[in-house]
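Per this note's numbering, the very first residue in the sequence shown carries number 14; after that it's consecutive. Where a beta carbon is used, it is the ideal one built from N, C-alpha and C, also for glycine. Just so we're clear, the structure is a prediction, and the values are computed from it rather than from any experiment. First the structure, in the form of structure tokens, and then the observations on it.
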Amino acid sequence: MRKIKVKTVDAFTLTPNTGNPAGVVLDASELSTVMMQKIAREINLSETAFVCKPTKSDADIQLRWFTPTTEVDLCGHATIATFHALAQDGLLGMKDVGEYNFKIETASGILPVEVIKETGRITIWFGLKHPVIDQGVQPKVEMIRVLDINPGEFENRAADVCDKNLYVQVKRLHTLFNMKPNFTTMSYFLSSRNLEGICVYATETVERDSKVHSRFFAPTIGINEDPVTGSAHGPLAYLLYENGYLEHAETFYEFQGEQGDVIGRKGRVRVQIEISGHKVTSVRIGGNAITVMEGEMQIHE
């Protein structure tokens, strides 16, 4: 038997018990995949991140993410949570205030991370891979059944698919707040189409400075509703730009995304995009976090 250090960190917030909580295991290099899954199930948050030694020479660390039921290729909020925990403990050379840059090995490829460590605040930014978006692939009639939304509440455009997630736009914030999806029906719908999640979003927002409000559902991987989904804001950024919602965006644009308000886990995601030739060429997401719990877990392996 041995012990490992475990933290619970709320991401995309500076207020405890809001945002999206993630489990973080800072030294997981000697854990098997089976044990990582068991630990994630025991912690029982939407995702738990495991920091491992990299297998690629151009990476500083390897990150793996597990829901209570399966491993996933990418998790935005758990990445924010992990680097907050690393910086808080002064690991990876982050003992002093300053800006630090890393490359992380993930199942989605090598991703860049920037940590800005200030007195009393840590901000993390990380880049997302360019999404491949298929437009207009799902008929609205199925969305009505899955989301239990009146036909007139959908924005007059087709849904989009990116990285096994479906993106559906509705007209009003009120619709988002009052949705009550049937997760059994949703699970069947997603599984039958080899999809993992549904992001429903509106450009009407709670806060004046925000550009999008969203909710994210992924019952097939053990997450009925994710409080704040950082990785979903990459495709959202592309969709908002392509459909004219980011006015005056020329070569660079930064905006805020909202999520979690309806379930009492308010979180805010910063999004930066670079543009060339009227196309989005890169996206990175950022945010803050706060550690709410830390301790040790006994490992019997």
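**Message:** Let me check understanding here. Comparing Cα to Cα, which of Lys193, Lys116, Thr92, Val241 lies closest to Ser70?
**Reply:** It is Lys116.
**Message:** Buried or exposed for Met14, going by 16 or more other Cβ atoms inside 10 Å?
**Reply:** By the C-beta density criterion, Met14 is exposed, having fewer than 16 other C-beta atoms within 10 angstroms.
**Prompt:** Do you know offhand how far Gln75's Cα is from Glu260's?
**Reply:** Cα-Cα distance, rounded: 37 angstroms.
**Request:** From the DSSP output, read off the bridge partner residues of Tyr258.
**Result:** Its beta-bridge partners do not exist; DSSP assigns none.
**Asked** Any contact of the segment 45-61 with the segment 300-307, i.e. 3+ C-beta pairs under 8 angstroms?
**Response** Pairwise C-beta distances place the segment 45-61 out of contact with the segment 300-307, as fewer than three of them are shorter than 8 angstroms.
**Prompt:** So Ser121 is in the beta strand (DSSP E); what residue range does that whole segment cover?
**Reply:** Segment: none, Ser121 is in no beta strand (DSSP E) and carries neither H nor E.
**Asked** Pairing CB atoms from the segment 80-87 with CB atoms from the segment 15-30, are three or more of them under 8 angstroms?
**Response** In short, these stretches do not touch, since the Cβ pair count stays below three.
**Prompt:** Which residue or residues does DSSP assign as beta-bridge partners of Pro125?
**Reply:** DSSP output for Pro125 lists Lys116 as bridge partner(s).
**Endpoints, alpha helix (DSSP H) assigned at Thr61** = Segment 61-65 is the beta strand (DSSP E) holding Thr61; no alpha helix (DSSP H) there.
**Asked** Below 9 angstroms between beta carbons: does that hold for Cys65 and Gly243?
**Response** No. Outside cutoff.
**Request:** Give every residue of the same chain whose Cβ lies closer than 7 angstroms to the Cβ of Ile234, excluding the five residues on either side of it in the sequence, and list them in chain order.
**Result:** So the qualifying residues of the chain are Thr80, Thr82, Thr83, Val85, Glu209.
**Asked** Should Ser42 be labelled buried (16 or more other beta-carbon atoms within 10 Å of its own) or exposed?
**Response** Ser42 comes out exposed.
**Prompt:** Helix, strand or coil for Ile162 per DSSP?
**Reply:** Note: Ile162 maps to coil in three-state DSSP.
**Request:** Please classify Asn169: does DSSP put it in a helix, a strand, or coil?
**Result:** Secondary structure at Asn169: coil, using DSSP grouped into helix, strand and coil.
**Asked** How is Pro29 classed by DSSP in three states: helix, strand or coil?
**Response** Of the three classes helix, strand and coil, the one that applies to Pro29 here is coil, per DSSP.
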